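The opening position of the sequence shown corresponds to residue 246 in our numbering, with each subsequent residue numbered one higher.
Using N, Cα and C, we set each Cβ at its ideal position, and we do this for glycine too.
Remember, it's a predicted structure, so these values are computed and weren't measured experimentally.
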Amino acid sequence: MFEIITFISASILAILSAVMIVKTKSLIYSALFLGLLGISMAIFFALMGYQIVSLFQIIVYVGATVTFIIFSIVMLRETYVMEVSSKILSISTATLILLVFAAIIFYTTGTYSLIPIDVSYDKVTELLMENYTLPLIIVIFALITTLIEGIIIARKEVEK
Numbered sequence: 246m247f248e249i250i251t252f253i254s255a256s257i258l259a260i261l262s263a264v265m266i267v268k269t270k271s272l273i274y275s276a277l278f279l280g281l282l283g284i285s286m287a288i289f290f291a292l293m294g295y296q297i298v299s300l301f302q303i304i305v306y307v308g309a310t311v312t313f314i315i316f317s318i319v320m321l322r323e324t325y326v327m328e329v330s331s332k333i334l335s336i337s338t339a340t341l342i343l344l345v346f347a348a349i350i351f352y353t354t355g356t357y358s359l360i361p362i363d364v365s366y367d368k369v370t371e372l373l374m375e376n377y378t379l380p381l382i383i384v385i386f387a388l389i390t391t392l393i394e395g396i397i398i399a400r401k402e403v404e405k
């Protein structure tokens, strides 16, 4: 029952985050929603039994991608987005993508057997702390700095 509730919650988070990435006019908030989308994908990986892939999804894709986008915005300043209205094209493209993914899921269900690898968090933590202590500290400070810069930029947008 817990898995079903977690799956439904992560699905709703993924859909809402994806919609907000496209709908939000601010690049900072789009980067935030991109991070939430990556976290929901990591939840899906964890539910399938791939906790290590989930961990690296959060570290690499969420952390590094959002950090790169926010640093780019900080250095280059935010550009103004020109709004183009094409609802028919958007709806038809979304429908086509939905049908393609539904066909892929329908035809591949039950075809593959996923065998999760048994790796504990203790082993991963031990590996990171023993072999990669300095890079881990540098990444932590870089992410904290980026978070602070993102908050400052978001506050400046609200004040305008």
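{"Item": "Candidates 253, 311 and 254, of which the one nearest residue 274 by Cα", "Value": "311"}
{"Item": "DSSP-derived helix/strand/coil call for residue 270", "Value": "coil"}
{"Item": "Alpha carbon of residue 373 to alpha carbon of residue 340, nearest angstrom", "Value": "43 Å"}
{"Item": "Residues of its chain near residue 369, where Cβ-Cβ distance is below 7 Å and the 5 sequence neighbours each way are ignored", "Value": "297 and 300"}
{"Item": "Interface flag, residue 251 vs chain C, CB-CB below 8 Å", "Value": "Among the chains of the structure shown, chain C does not appear; only one protein chain is present."}
{"Item": "Contact under 8 Å by Cβ, residue 262 with residue 252", "Value": "no"}
{"Item": "Residue 258 vs residue 281 beta-carbon contact at 8 Å", "Value": "yes"}
{"Item": "8 Å contact criterion, which residue 249 and residue 276 should meet: CB distance rounded", "Value": "So it is not a contact: roughly 31 Å between Cβ atoms."}
{"Item": "Assigned secondary structure, residue 364 (DSSP; H/G/I helix, E/B strand, else coil)", "Value": "coil"}
{"Item": "Contact check, residue 318 vs residue 398, beta carbons under 8 Å", "Value": "yes"}
{"Item": "DSSP three-state assignment for residue 395, whether helix, strand or coil", "Value": "helix"}
{"Item": "As assigned by DSSP and simplified to three states, the class of residue 374", "Value": "helix"}
{"Item": "Same chain only: Cβ atoms within 8 Å of residue 410, ignoring 5 sequence neighbours per side", "Value": "Residue 410 cannot be examined here, being either before or after the span of the chain that is shown, 246 to 405."}
{"Item": "Same chain, Cβ closer than 7 Å to residue 291, neighbours up to 5 away in sequence not counted", "Value": "299"}
{"Item": "Residues near residue 381 by beta carbon distance below 7 Å, same chain, minus five either side", "Value": "373"}
{"Item": "Residue 307 versus 375, 287 and 293, residue with shortest Cα-Cα distance", "Value": "287"}
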